[in-house]
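Input: a single structure, listed below in structure tokens.
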Amino acid sequence: MSRVFRNSDETRALEEKVNSETIEAILERDREQASHAAEVRAHGGYGQCENCGEPIAAERLEALPTATRCVRCQAEWEQANRF
Ligand SMILES: [Zn+2]
């Protein structure tokens, strides 16, 4: 009917596309992280931050078994790898 409606539909479709691509990228990153964690574990470095070498808190590993960085390094990494 009016251009305004059509434009807002197009905008919404674009936003949904961006969201699903972002979700895909996050899932892909999780898969990579999981296989990376398995590799680290196989080499005996599990439970140690791969960035600063400090032990990763046990409760963090319990909540996130694929963690390969301590909370502080993970926060820095997420800042640098933001979508
Ligand atoms: Zn660290």
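In this note's numbering, each residue's number is its place in the sequence shown (first place is 1) plus 3.
We put the beta carbon where it would ideally sit given N, CA and C, even for glycine.
Remark: the C-beta of N54 is in contact range of ligand 1, defined as less than 6 Å to any heavy atom. Put simply, the backbone Cα of E27 is about 26 Å away from that of N54.
Annotation for C52: no alpha helix (DSSP H) segment contains it, and DSSP assigns it neither H nor E. Look at C73 here: in three-state DSSP terms it is coil, with no helix or strand label. N84 carries a coil assignment under DSSP once its states are collapsed to helix, strand and coil.
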